[in-house]
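First comes the structure, then the notes that go with it.
Residue numbers (this note's numbering), protein chains in the order written: chain A, 1 to 116; chain B, 1001 to 1209.
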């Protein structure tokens, strides 16, 4: 690390800040959340509204990870990116498997069917 | 810690230290980032519980979000969170430009917008409670309140942290400690915006559908 003068403001993680990226992240995220609101209130505009909402959310999260948290392969950010890539599957597996297990349970048990 | 010469050559180790000294800021931010990733697993559990318990069977005949959700209020909360994150980004740019006034201004704006978010959320909760809808009424409502309130609690702690940092930056300026704390709070605050996208989509908008 080449910040021998010990000024913490010369640290690469301080230098990585970018007003343009933060503004772009805000505008993109806000615009797409507006789209989500519209789709949710007018579900007829899309054949599978929940799929559209999920796709929009995934895209906004990706934009925020790239523009706000600056996940990339630079020497400053590489470990932030690697640890995220390793932790992300845990999140998906924890949520995804729970939903899948209970969904199949719901489909196969009589109790749930009788409640309908 | 292992040394490049294996501890055999003191002069070489000194040279190594002088050129590649321990990077305290990077160590702290990576450590905090690992905490944020494990904190996300709390939300994974809560999202899984909400996903499972949002089956109408678990509403126990009581209300589901479809009857409760106020889409415009949720949208207003989204705007407040994103604007607060943007203001915090402004503080980060000011930090890069050595502007203490800019950092304080950005922190202050982020704090106010975060407080607006909490105000809107508390108003929503108050309306639900007034309508006689409580967390203990059904498994569905427990999962809903647990998820949304956990996020709200994160926002509360973020605001507390922001207030403390505001005072520290104002009194101590930019030291190693205040700088890594500002960077850690940036990770924390921006992470809350990401979680809010998931809550807005999979709780509020899914409720509208």
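C-beta atoms are modelled at their ideal positions from N, C-alpha and C, and glycine is treated no differently.
Among the options, which one has its Cα closest to the Cα of residue i?
i                       : options                        : result
residue 83 of chain A   : A:96, A:69, A:95               : A:69
residue 1117 of chain B : B:1100, B:1148, B:1061         : B:1148
residue 87 of chain A   : B:1033, B:1063, B:1110         : B:1033
residue 1030 of chain B : B:1203, B:1192, B:1184         : B:1184
residue 1186 of chain B : B:1177, B:1085, B:1054         : B:1085
residue 1037 of chain B : A:104, A:107, A:79             : A:79
residue 1069 of chain B : B:1104, B:1123, B:1113         : B:1123
residue 23 of chain A   : A:35, A:92, A:81, A:66         : A:66
residue 137 of chain A  : A:37, A:16, A:6                : With chain A represented from 1 up to 116, any question about residue 137 of chain A goes unanswered, as that position is not in the structure.
residue 27 of chain A   : A:48, A:63, A:42               : A:63
residue 1080 of chain B : A:13, A:29, A:75, A:77         : A:29
residue 75 of chain A   : A:6, A:7, A:12                 : A:12
residue 131 of chain A  : B:1206, B:1205, B:1204, B:1198 : In the structure displayed, chain A extends from 1 to 116; residue 131 of chain A sits before or after that span and is not available.
residue 1206 of chain B : B:1071, B:1182, B:1040, B:1133 : B:1071
residue 1231 of chain B : B:1179, B:1204, B:1027         : Any answer about residue 1231 of chain B is impossible in this case: the structure gives chain B only from 1001 up to 1209.
Assuming contact is defined by CB atoms lying nearer than 8 Å, are residue i and residue j in contact in what I supplied?
i                       : j                       : result
residue 33 of chain A   : residue 1078 of chain B : yes
residue 58 of chain A   : residue 52 of chain A   : no
residue 1110 of chain B : residue 1161 of chain B : no
residue 1144 of chain B : residue 1209 of chain B : no
residue 19 of chain A   : residue 1106 of chain B : no
residue 1054 of chain B : residue 1120 of chain B : no
residue 36 of chain A   : residue 1171 of chain B : no
residue 1095 of chain B : residue 1166 of chain B : no
residue 1158 of chain B : residue 1192 of chain B : yes
residue 85 of chain A   : residue 1045 of chain B : no
residue 99 of chain A   : residue 1061 of chain B : no
residue 43 of chain A   : residue 1174 of chain B : no
residue 49 of chain A   : residue 56 of chain A   : no
So, for residue i: in the same chain, excluding its five sequence neighbours on each side, which residues have a beta-carbon less than 8 Å away from its beta-carbon?
i                       : result
residue 109 of chain A  : none
residue 1136 of chain B : 1142
For residue i, I'd like the list of residues in its chain whose CB is within less than 6 Å of its CB, leaving aside the five on either flank, ordered along the chain.
i                       : result
residue 1048 of chain B : none
residue 1083 of chain B : 1113
residue 1 of chain A    : For residue 1 of chain A, the pLDDT reaches just 43, beneath the cut-off of 50, and the residue's location in the model is therefore unreliable, although a value from the coordinates is still provided. Closer than 6 Å at Cβ, skipping near neighbours: no residue.
residue 1102 of chain B : 1094
If you drop the 5 nearest sequence neighbours on each side, which residues of the same chain put their C-beta closer than 7 Å to that of residue i?
i                       : result
residue 1195 of chain B : 1043, 1151
residue 1176 of chain B : 1024, 1025
residue 1058 of chain B : 1138, 1139, 1140
residue 81 of chain A   : 71, 72, 73
residue 21 of chain A   : 67
residue 1001 of chain B : In this prediction, residue 1001 of chain B scores a pLDDT of 44, lower than 50, which makes its location untrustworthy; the coordinate-derived value is nonetheless stated afterwards. Correct list: empty, nothing qualifies.
residue 1133 of chain B : 1063, 1068, 1141
residue 1056 of chain B : 1064
Just checking residue i against the ligand NAD - is the residue's beta carbon closer than 7 Å to any of the ligand's heavy atoms?
i                     : result
residue 59 of chain A : The ligand NAD is not among the ligands present in this structure, which contains no ligands whatsoever.
So, does the CB of residue i fall closer than 8 Å to a CB anywhere in chain E?
i                     : result
residue 42 of chain A : In the displayed structure, chain E is absent; the protein chains listed are A and B.
Listed in chain order, which residues of the segment 1091–1104 of chain B have Cβ atoms closer than 7 Å to some Cβ of chain A? 1092, 1093, 1095, 1096, 1098
Short-range partners of chain B found in the segment 68–81 of chain A, where Cβ spacing is below 9 Å: 68, 69, 76, 79, 80
Residues of the segment 1051–1065 of chain B in Cβ contact with chain A at a cutoff of 7 Å, in chain order, please. 1051, 1052, 1055, 1057
Going along the segment 1149–1179 of chain B in order, which residues come within less than 9 Å of chain A, judged by CB to CB distance? 1174, 1175, 1176, 1177, 1178, 1179
Taking a cut of 8 Å between CB atoms, which residues from the segment 1021–1034 of chain B lie near chain A? 1021, 1023, 1025, 1026, 1029, 1030, 1033, 1034
When Cβ atoms are compared, which residues of the segment 1071–1082 of chain B fall closer than 9 Å to chain A? 1071, 1072, 1074, 1075, 1078, 1079, 1082
Could you list the residues in the segment 44–61 of chain A with a C-beta less than 8 Å from some C-beta on chain B, going in chain order? 49, 50, 53, 54, 56, 57, 60, 61
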